[in-house]
Amino acid sequence: MPTGKVLRHKQGAEPPHPDFIHLIEAMQQAFVQMSNPDYQPPVLRKHQLDQADHLQRFLRLQPGQFDGRLEALTAVAWLREIERHFRAFGTPVEF
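For what it's worth, our numbering labels the leading residue of the sequence shown as -14, then goes sequentially.
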């Protein structure tokens, strides 16, 4: 069982990449917020729920996957098939 020790940056070790520092700080802040007994998780906005609903319905169709061929006609045909499925569901363009 963990002893509750917090791992720290070891001396002589390479410091975290600067791009990840903001990510690490955000994660630390999120953990502190979640440990608060009064913490309430954020509520998903209706737009996010709509996007998830459209995606789930689309994936249930098991749409064909793009095979990666470089032939333009094959790529265009695949794209049209995907767009047809989205139009059939009435998926808004911004999704």
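Glycine included, every Cβ here is placed at the ideal spot set by N, Cα and C.
Three-state secondary structure assigned by DSSP to residue i
i     : result
Thr59 : helix
Gln25 : coil
Leu46 : coil
Beta-carbon proximity check, residue i vs residue j, cutoff 8 Å
i     : j     : result
Phe43 : Phe71 : yes
Gly53 : Trp63 : no
His39 : Phe16 : no
beta-carbon residue i near the ligand FMN non-hydrogen atom, thresh 7 Å
i     : result
Ser20 : No copy of the ligand FMN occurs in the structure displayed, which carries no ligand at all.
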